[in-house]
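For the record, the sequence lines run as chains L and F.
Counting from 1, position 66 in the first sequence corresponds to residue 66 in our numbering; the numbering is continuous, with no gaps.
Remember, our numbering sits 293 above the position in the second sequence when you count from 1.
We put the beta carbon where it would ideally sit given N, CA and C, even for glycine.
All remarks here apply to the structure that follows.
Protein chains: 2
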Amino acid sequence: MSAQQLVGVIGRGVFPAGHLVISADDLGFTRGDGCFDATRVVTRAGGSSTVENLDAHFDRFDASIVGVGGDPINRDAWRETIDQALSQWTSPGEAVLKIMYSNGQETQTLGAGADRPTEVFTLTQMSAGNIADRAGVEVITLNRGMSSTAFADAPWLLGGVKSLAYAVNIAAKREAHRRGAGDVLFTSSDGYVLEAPTSALVALIDGVLVTTPIEGTGILNSITQRMVFAAAEAEGYTTDQLLMTPAQVIDGDGAWFLSSVRGVVPILSLDGTALPLHSDLTERLRRWARFTD
Amino acid sequence: MSAQQLVGVIGRGVFPAGHLVISADDLGFTRGDGCFDATRVVTRAGGSSTVENLDAHFDRFDASIVGVGGDPINRDAWRETIDQALSQWTSPGEAVLKIMYSNGQETQTLGAGADRPTEVFTLTQMSAGNIADRAGVEVITLNRGMSSTAFADAPWLLGGVKSLAYAVNIAAKREAHRRGAGDVLFTSSDGYVLEAPTSALVALIDGVLVTTPIEGTGILNSITQRMVFAAAEAEGYTTDQLLMTPAQVIDGDGAWFLSSVRGVVPILSLDGTALPLHSDLTERLRRWARFTD
């Protein structure tokens with residue numbers, strides 16, 4: 001069966017696109033009080049599918065859930081409903097599995113979901129926009145308003161938590177589109193580059209593959225970046241974590257956004273200045289990220 | 294008919310508590326990409342209800358919606374569905390009307406909500422916690438991580454927008470409860486008091502009623518604070534907007550949290566230091582906020 005989207009409700013089953021599964025007082029909707037994670041699903045010609053790095057995404061999902069006050073998920077229950085969706089998902093190509101958790105209904109004593117968290121996922125055909133981005137994007141910097149040390153010892157700021165409260169990330173992308181760019185590189189109030197709204201930054205500077213440190217900056221712990229750095233190190237590359245200015249990125253030898261969904265996205269320009277394209281390394285990064293199929 | 298919660302879907306009608314009205318790919322759920330507003334509903338002995346300051350809340354709701362890229366609402370359509378809910382809501386007492394908007398389904402070409410925003414509300418009995426808070430709360434300061442000028446010229450940070458992405462506000466309240474306090478007063482990274490997660494701050498300092506300025510700080514434009522200041526000025530009080538430190542609040546002659554739902558909440562202590570209680574002024578603030586019934 002071919003479909004553009006399937007919706008899973010853990011423990012309840014799989015539903016068609018647009019099925020209403022969330023109440024109006026769900027804390028995920030009313031407050032963004034929850035979290036998510038997302039990864040790529042690859043479906044082969046015969047109709048069988050592989051979910052990429054599901055355990056690594058479950059690990060990060062659990063860490064996010066604990067960050068918003070919840071308990072780790074029952075992975076067997078999640079796998080069972082995901083498998084049920086995959087068995088109905090047979091069109092060859094790429095899709096996105098987005099797993100979502102919220103702290104349940106605000107008025108916990110009311111309704112069917114009382115005292116239970118909300119656990120749902122969507123399985124959606126990879127968008128044309130995500131595929132087009134792999135050729136490269138024009139990027140602008142936007143100030144995220146917080147210093148590169150703001151998140152140290154401030155767990156209530158939810159640094160590193162992939163929370164459902166992504167409105168600023170979406171508003172920043174909207175601002176980029178308004179300015180004719182394709183994506184955003186957030187900067188800290190003290191002038192360092194952080195991450196993109198839905199991707200990590202990797203740059204090649206003086207022969208070293210560098211990314212933003214997590215500690216203090218509140219950025220997400222990128223699964224794709226970690227996988228790429230591990231593979232790069234195994235092939236003799238040097239890697240590092242470094243607070244960089246936009247000028248350092250522009251003066252470097254190439255920069256990329258990495259994400260589990262979009263894969264490896266070369267940054268074509270930053271604030272209007274063209275960046276060096278390093279197509280050899282782009283191909284290597286894709287191989288290390290396992291995005292070559 | 295008595296009920297603890299009713300759910301309204303604009304243009305579709307009124308449903309019982311827990312009714313599922315939101316899809317799993319609704320941008321309000323997946324990203325917090327939407328906004329809300331909330332006000333008090335007072336139901337009299339005969340069963341008729343008054344929604345407090347609905348137009349002022351519609352005004353701020355529209356400003357929030359524009360802030361997240363949407364168009365102002367059709368107030369007649371909203372009023373019609375709200376009236377339908379009020380006609381079923383006859384138990385005397387207080388309730389909360391929470392109006393919510395999201396930018397619709399993420400996968401806009403799929404499902405029933407295609408190309409439409411999501412417009413829903415809940416009408417919920419006032420919680421015991423909100424009523425208890427009116428006797429006063431113990432408050433801790435928590436750093437919001439952003440300077441008091443961070444929001445100037447940075448609309449993508451959604452300053453003043455009452456967005457659905459309130460996860461940090463909820464996490465901060467969770468941190469307060471963990472520390473044995475009842476509420477939070479956010480501070481800026483440069484050391485000024487801002488607002489509470491769901492309330493504005495008003496303090497009496499040197500005989501002047503003061504609140505945090507909106508410009509640059511990103512705080513919400515409080516309807517209750519504006520109403521209170523207008524009434525106070527009419528009775529000869531002096532009011533001002535001022536960036537204050539926590540020490541200035543502690544050394545002042547009293548401080549309160551104001552909100553359309555909780556009304557006037559005296560701050561009993563700030564970071565463990567008792568604040569002066571000014572019960573005469575508390576009663577005046579309640580009258581000015583029209584919370585004396």
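Open item on the list: With a threshold of 8 Å between beta carbons, is L:Met126 in contact with chain F?
Closed with: no
Open item on the list: Taking the alpha-carbon of L:Thr81 as reference, which of L:Ala176, L:Ala255, L:Val14, L:Tyr192 has the nearest alpha-carbon?
Closed with: L:Val14
Task: First and last residue of the uninterrupted beta strand (DSSP E) at F:Asp476 - done: 476 to 480
Task: L:Gly8 (DSSP reduced to helix, strand or coil) - done: strand
Task: Close beta carbons around F:Arg437, own chain, < 7 Å, minus the five adjacent residues each side - done: Phe479, Thr480, Ser481, Leu487
Open item on the list: Buried or exposed for L:Ala114, going by 16 or more other Cβ atoms inside 10 Å?
Closed with: Annotation note: pLDDT 48 at L:Ala114 (below 50); position unreliable, coordinate value reported separately. Classification for L:Ala114: exposed.
Open item on the list: Looking at the secondary structure, which residues open and close the alpha helix (DSSP H) in which F:Ser456 lies?
Closed with: Segment: none, F:Ser456 is in no alpha helix (DSSP H) and carries neither H nor E.
Task: Where F:Arg333 falls: helix, strand or coil (DSSP) - done: strand
- [ ] Report the rounded CA-to-CA distance for F:Asp426 versus L:Leu270, giving the unit in angstroms.
- [x] 50 Å
Open item on the list: At the level of alpha carbons, what is the spacing between F:Ser440 and F:Glu528?
Closed with: 35 Å
Open item on the list: Beta carbons nearer than 8 Å to chain F: which residues of the region 146 to 157 of chain L have them?
Closed with: Met146, Ser147, Ala150, Phe151, Ala154, Pro155, Trp156, Leu157
Task: Contact set between F:Arg467 and chain L, taken where Cβ atoms lie within less than 7 Å - done: Gly69
Task: For F:Val557, the first and last residue of its enclosing beta strand (DSSP E) - done: 556 to 563
Task: Cβ contact (3+ pairs, closer than 8 Å) linking the region 386 to 400 of chain F and the region 265 to 285 of chain L - done: no
Task: Euclidean distance between Cα positions of L:Asp33 and L:Asp26 - done: 9 Å
Open item on the list: Between the alpha carbons of F:Ala405 and L:Gly18, how many angstroms are there, rounded?
Closed with: The pLDDT assigned to F:Ala405 is 44, lower than 50, so where the model puts this residue is not dependable, and the model offers no usable value.
Task: Secondary structure of F:Trp581, DSSP reduced to three states - done: helix
Open item on the list: Just verifying my parser: in three-state terms, what is the DSSP assignment at L:Phe58?
Closed with: helix
Task: Cα-Cα separation between F:Ala349 and F:Gly301, rounded to whole angstroms - done: 20 Å
Open item on the list: Out of F:Thr531, F:Leu497, F:Gln534, F:Ser553, which one is the CA nearest neighbour of F:Leu574?
Closed with: F:Leu497
Open item on the list: Please report the distance separating the alpha-carbon of F:Ala458 from that of L:Pro117.
Closed with: 18 Å
Open item on the list: Is there a C-beta anywhere in chain F that falls below 8 Å from the one on L:Tyr166?
Closed with: yes
Task: Residues that L:Leu142 contacts on chain F, provided the C-beta gap is smaller than 8 Å - done: Ala447, Trp449
- [ ] Using beta-carbon positions only, say whether L:Ile22 and F:Ile315 come within less than 8 Å of one another.
- [x] yes
Task: Beta-carbon proximity check, L:Gly216 vs L:Ser102, cutoff 8 Å - done: no
- [ ] Return the chain-ordered list of same chain residues with a C-beta closer than 8 Å to the C-beta of L:Thr212, the five sequence neighbours on each side being excluded.
- [x] Tyr192, Val193, Leu194, Glu195, Ala200, Leu201, Ile219, Gln241, Leu242, Leu243, Met244
- [ ] Please name the residue in L:Thr239, L:Thr238, L:Asn221 whose C-alpha comes closest to that of L:Asp62.
- [x] L:Asn221
- [ ] Rank F:Arg368, F:Ser384, F:Val432 by C-alpha distance to the C-alpha of F:Arg471 and give the top, closest one.
- [x] F:Val432
TODO: Give every residue of the same chain whose Cβ lies closer than 7 Å to the Cβ of F:Gly452, excluding the five residues on either side of it in the sequence, and list them in chain order.
DONE: Phe444, Gly511
Open item on the list: Counting only C-beta atoms, is F:Leu403 closer than 8 Å to chain L at any point?
Closed with: Because F:Leu403 sits at a pLDDT of 43, beneath the cut-off of 50, its placement in the model cannot be relied upon, and the following sentence gives the value as read from the coordinates. Yes - at least one Cβ of chain L is within 8 Å of the one on F:Leu403.
TODO: Establish whether the CB of L:Phe29 and some CB of chain F are separated by less than 8 Å.
DONE: yes
- [ ] Whole angstroms is fine: what's the gap from F:Pro569's alpha carbon to F:Met520's?
- [x] 24 Å
Task: Identity of the residue in F:Ile507, F:Ile543, F:Asp476 nearest F:Val558 by Cα - done: F:Asp476
Open item on the list: Given this structure, state the Cα-to-Cα distance separating L:Met126 from L:Asp59, to the nearest angstrom.
Closed with: 23 Å
Open item on the list: Please report the distance separating the alpha-carbon of L:Lys162 from that of F:Thr400.
Closed with: 20 Å
Open item on the list: Do F:Thr332 and F:Val344 have their beta-carbon atoms positioned less than 8 Å apart in this structure?
Closed with: yes
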